[in-house]
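**Student:**
Residue numbers (the working numbering), protein chains in the order written: chain V, 1 to 57; chain L, 1 to 482.
Below, the structure written as structure tokens:
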């Protein structure tokens, strides 16, 4: 049982390490700068300004 | 001779370019997205029929008991796998592909591969259902499909991964929106989970005592690292788009994503509380499960605070109504899930119908309702056709919404009683079975309501596809907008 459980733990650790690496990459490429501006990335040019527009659906 | 162009004209040109780019992305995505949605709906209907059979057999076991292939032991896993890998997975891929294209501002390419992928997934599901009903189930929960079906599903997912990577590589510079993070992560997490457990449990099975931890690691993580991220990505996209306002706190949305990415994979072993496994292994999962409160609260605050900026939209917008229902269900099921990891509660609810209620709160009230909402939003855009009937959408929502709430309530209440009776040595087992019958009957009635909702949805879907395109038509609203 030791080998399979070790394999499972290695997979889980691999998932966590890949998340840490992705986090490091995001930080080094400026994804966490002016963080709240990221919220606007969902909108296209013709969808801003947003405050007073009507609702499409 | 120079021509002066006013800033207003430039802005208008930019807006027009943006509209045309969206139309081009939708046109490129149309084929694969419709293929995935149509396939998903086929499996939803088949899964509903199997679910009804399994549910009725729990209180009327004589129903169709002459046919081997329709016995409870085959119909029930066939239901679980068709709705997990047929309906939910194929709908998640369709929704994810469209969202990725829109968020990366990159048209889908090599769509032939995506059609091939949908074909492989359909063949995998077909081979899987035939295998289970034919008596070749692996008997491993969530992985009942026989080996050939698992191989087809794993192979079918590869073009999907490539399509996501291809769009991510061509994305426009700037912030990666939180939905893109969720989608990119999910599209790698799912095949990794699926192929790992297929390899260790089906292709080359490890020793029997090591199989339950792997089984429950997979069964728990496929929810949290595949269905949940895709559905949260859709919610983070749809809510701001529908109300025309950005999400409440982008910072919190990233806290939610990264905490899920760091901690979720450690969940799963808490399903084995009381089992013959090392205490550290189960304890680790209990801690990880409790830590899931962090992303859940981050997501809940964001979704609810953003939605409440214009909550009146639930009156008119089909998508918003389904999405708000789903996001509330997400909060409920996640907090309930964390609480179920505690040994004191787990002692009562484990091995009872409470767990079935919990899984339907997650897979149906959250995942399925959100996928319905996303399809209501996406399909008119990729087909250029509006939903034909507001009445059918209302039938769909109320039958499925009330149906699943009734279902979860019946099984949660019944499950707690069942757990307490099971712990009481003075109550004979056959008495518990008899006392549970009314709850199981309520479950069947709720399932019937949900099936009616599905039939309304598939009627709308086919009717929409048969209509001629209506450019720039008014959206189908559930009530007159104020």
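All C-beta atoms in this analysis are idealised placements derived from N, C-alpha and C, irrespective of residue type, glycine included.
These numbers come from a predicted model, not from an experiment.
What's the gap between the Cα of residue 77/L and the Cα of residue 403/L?
**Tutor:** Here residue 77/L refers to the residue found at position 77 when the second chain is read from its first residue. Here residue 403/L refers to the residue found at position 403 when the second chain is read from its first residue. So the two alpha carbons sit approximately 21 angstroms from each other.
**Student:** Less than 8 angstroms between CB atoms is the rule here; does residue 196/L satisfy it with respect to chain V?
**Tutor:** The residue you call residue 196/L lines up with position 196 of the second chain. Yes, contact with chain V.
**Student:** Determine, using beta carbons only, whether residue 251/L comes closer than 8 angstroms to chain V.
**Tutor:** Start at 1 with the first residue of the second chain, and residue 251/L comes out as number 251. By this cut-off, residue 251/L is an interface position.
**Student:** Of all the residues that make up the segment 11-28 of chain V, which are near chain L by a beta-carbon distance shorter than 9 angstroms?
**Tutor:** Residues passing the 9 angstroms Cβ filter: 11, 12, 13, 14, 15, 16, 18, 19, 20, 22, 23 and 26.
**Student:** Who are the neighbours of residue 266/L on chain V, taking C-beta pairs under 8 angstroms?
**Tutor:** Numbered from its first residue, the second chain carries residue 266/L at position 266. Simply 12 and 16.
**Student:** Would a C-beta distance cut-off of 8 angstroms place residue 18/L and residue 103/L closer than the cut-off?
**Tutor:** The sequence position of residue 18/L within the second chain is 18, counting from 1. The sequence position of residue 103/L within the second chain is 103, counting from 1. No.
**Student:** What's the gap between the Cα of residue 361/L and the Cα of residue 408/L?
**Tutor:** For the purposes of this step, residue 361/L is taken as residue 361 along the second chain, with counting starting at 1. For the purposes of this step, residue 408/L is taken as residue 408 along the second chain, with counting starting at 1. When rounded, the distance between both Cα atoms is 6 angstroms.
**Student:** Would you identify the three-state DSSP class for residue 406/L, choosing helix, strand or coil?
**Tutor:** Translated into positions along the second chain, residue 406/L becomes position 406. In the structure shown, residue 406/L sits in a helix (DSSP, three-state: H, G or I).
**Student:** List the endpoints of the continuous alpha helix (DSSP H) containing residue 277/L.
**Tutor:** Translated into the one-based positions of the second chain, residue 277/L becomes position 277. Per DSSP, residue 277/L belongs to no alpha helix (DSSP H) and is neither H nor E.
**Student:** State the Cα-Cα distance for the pair residue 19/V and residue 6/V, rounded to the nearest angstrom.
**Tutor:** Numbered from 1 along the first chain, position 19 holds the residue referred to as residue 19/V. Numbered from 1 along the first chain, position 6 holds the residue referred to as residue 6/V. Between residue 19/V and residue 6/V, the C-alpha separation is close to 20 angstroms.
**Student:** Mind listing, in chain order, the continuous beta strand (DSSP E) runs of no fewer than 3 residues lying wholly within the segment 6-37 of chain V?
**Tutor:** Entirely contained in the segment 6-37 of chain V, not one beta strand (DSSP E) run reaches 3 residues.
**Student:** Could you tell me which chain V residues have their CB closer than 9 angstroms to the CB of residue 390/L, listed as they occur along the chain?
**Tutor:** Counting from one through the second chain, the residue named residue 390/L turns up at place 390. Within 9 angstroms Cβ-Cβ: nothing; residue 390/L doesn't reach chain V, min ~12 angstroms.
**Student:** Measuring CA to CA, which of 155/L, 383/L, 331/L and 316/L is closest to residue 118/L?
**Tutor:** Here residue 118/L refers to the residue found at position 118 of the second chain. Nearest of 155/L, 383/L, 331/L and 316/L to residue 118/L, Cα basis: 155/L.
**Student:** Check each candidate in 91/L, 371/L and 249/L and name the one with the smallest Cα separation from residue 324/L.
**Tutor:** Against the second chain, residue 324/L aligns to sequence position 324. When only C-alpha atoms are compared, the closest one is 371/L.
**Student:** Along chain V, in chain order, which residues have C-beta atoms closer than 7 angstroms to that of residue 14/L?
**Tutor:** By one-based count along the second chain, residue 14/L stands at place 14. Per Cβ cutoff of 7 angstroms: 45.
**Student:** Sorted by chain position, which residues of the same chain lie with C-beta nearer than 6 angstroms to residue 230/L's C-beta, five sequence neighbours on each side aside?
**Tutor:** Numbered from its first residue, the second chain carries residue 230/L at position 230. These residues qualify, in order along the chain: 92, 96 and 186.
**Student:** Could you work out which residues of chain V lie near residue 174/L, taking near to mean beta carbons separated by less than 8 angstroms?
**Tutor:** By 1-based counting over the second chain, the position of residue 174/L is 174. Within chain V, the residues near residue 174/L are 41.
**Student:** Can you check whether the CB of residue 177/L is closer than 8 angstroms to the CB of residue 94/L?
**Tutor:** For the purposes of this step, residue 94/L is taken as the residue at position 94 of the second chain. For the purposes of this step, residue 177/L is taken as the residue at position 177 of the second chain. Not in contact: residue 94/L and residue 177/L (Cβ atoms no closer than 8 angstroms).
**Student:** Using C-beta distances below 6 angstroms, list every residue in its chain close to residue 79/L, excluding the 5 sequence neighbours before and after it, in chain order.
**Tutor:** For this step, residue 79/L is matched to residue 79 along the second chain. Contacts found: 47, 50, 51 and 54.
**Student:** So, helix, strand or coil for residue 43/L, using DSSP?
**Tutor:** Mapped onto the second chain, residue 43/L falls at position 43. Helix at residue 43/L.
**Student:** Within 8 angstroms, do at least three Cβ pairs link the segment 284-303 of chain L to the segment 259-271 of chain L?
**Tutor:** The segment 259-271 of chain L vs the segment 284-303 of chain L: in contact.
**Student:** So what's residue 94/L in DSSP terms, helix, strand or just coil?
**Tutor:** Position 94 of the second chain, counting from 1, holds the residue named residue 94/L. It is helical.
**Student:** Please report how far the alpha carbon of residue 343/L lies from the alpha carbon of residue 163/L, in whole angstroms.
**Tutor:** Position 343 of the second chain holds residue 343/L. Position 163 of the second chain holds residue 163/L. Cα-Cα distance, rounded: 43 angstroms.
**Student:** Residue 167/L and residue 108/L look like a contact to me (Cβ under 8 angstroms); what is the Cβ gap, rounded to whole Å?
**Tutor:** Position 167 of the second chain, counting from 1, holds the residue named residue 167/L. Position 108 of the second chain, counting from 1, holds the residue named residue 108/L. So it is a contact: roughly 7 angstroms between Cβ atoms.
**Student:** In the structure shown, what three-state DSSP assignment does residue 136/L receive?
**Tutor:** Here residue 136/L is taken as the residue at index 136 of the second chain, counted from 1. Coil, per DSSP.
**Student:** Just checking: is the beta-carbon of residue 254/L within a distance shorter than 8 angstroms of some beta-carbon in chain V?
**Tutor:** Taking the first residue of the second chain as 1, we reach residue 254/L at position 254. Yes - at least one Cβ of chain V is within 8 angstroms of the one on residue 254/L.
**Student:** Terminal residues of the continuous alpha helix (DSSP H) containing residue 239/L?
**Tutor:** What you label residue 239/L is simply residue 239 of the second chain in a count that begins at 1. Counting along the chain, the alpha helix (DSSP H) containing residue 239/L begins and ends at 228-243.
**Student:** Any idea what DSSP makes of residue 247/L, helix, strand or coil?
**Tutor:** Taking the second chain and counting its residues from 1, one reaches residue 247/L at position 247. Three-state DSSP puts residue 247/L in coil, outside helix and strand.
**Student:** Please list the partners that residue 478/L has in chain V, where partner means a Cβ-to-Cβ separation under 9 angstroms.
**Tutor:** Taking the first residue of the second chain as position 1, residue 478/L is located at position 478. Going along chain V, no residue has its Cβ under 9 angstroms from residue 478/L, so there is no contact; the nearest lies around 10 angstroms.
**Student:** Expressed to the nearest angstrom, what Euclidean distance is found between the alpha-carbon atoms of residue 265/L and residue 296/L?
**Tutor:** Position 265 of the second chain, counted from the start, is the residue given in the question as residue 265/L. Position 296 of the second chain, counted from the start, is the residue given in the question as residue 296/L. Whole-angstrom Cα-Cα distance: 15 angstroms.
**Student:** Measure from the alpha carbon of residue 279/L to the alpha carbon of each residue in 423/L, 451/L, 213/L and 121/L, then state which is nearest.
**Tutor:** The residue you call residue 279/L lines up with position 279 of the second chain. Of the listed residues, the one whose Cα sits closest to residue 279/L is 213/L.
**Student:** If you pair each beta-carbon of the segment 19-30 of chain L with each one of the segment 59-68 of chain L, do three or more pairs fall below 8 angstroms?
**Tutor:** Cβ pair count under 8 angstroms is below three, so no.
**Student:** How many whole angstroms separate the CB atoms of residue 387/L and residue 460/L, which I take to be in contact at a CB cut-off of 8 angstroms?
**Tutor:** What you label residue 387/L is simply residue 387 of the second chain in a count that begins at 1. What you label residue 460/L is simply residue 460 of the second chain in a count that begins at 1. Between residue 460/L and residue 387/L the Cβ distance is about 6 angstroms, and since that is below 8 angstroms, they are a contact.
**Student:** Report back the beta-carbon spacing between residue 340/L and residue 358/L to the nearest angstrom; my notes put them in contact at under 8 angstroms.
**Tutor:** Looking up residue 340/L in the second chain gives position 340. Looking up residue 358/L in the second chain gives position 358. Between residue 358/L and residue 340/L the Cβ distance is about 7 angstroms, and since that is below 8 angstroms, they are a contact.
**Student:** Excluding the five sequence neighbours on either side, which residues of its own chain have a C-beta within less than 6 angstroms of the C-beta of residue 320/L, listed in chain order?
**Tutor:** By 1-based counting over the second chain, the position of residue 320/L is 320. Here the set comprises 242, 313 and 314.
**Student:** Go to residue 177/L, then tell me how far its alpha helix (DSSP H) extends in each direction, as first and last residue.
**Tutor:** Here residue 177/L refers to the residue found at position 177 of the second chain. Run containing residue 177/L: none; DSSP gives neither H nor E here.
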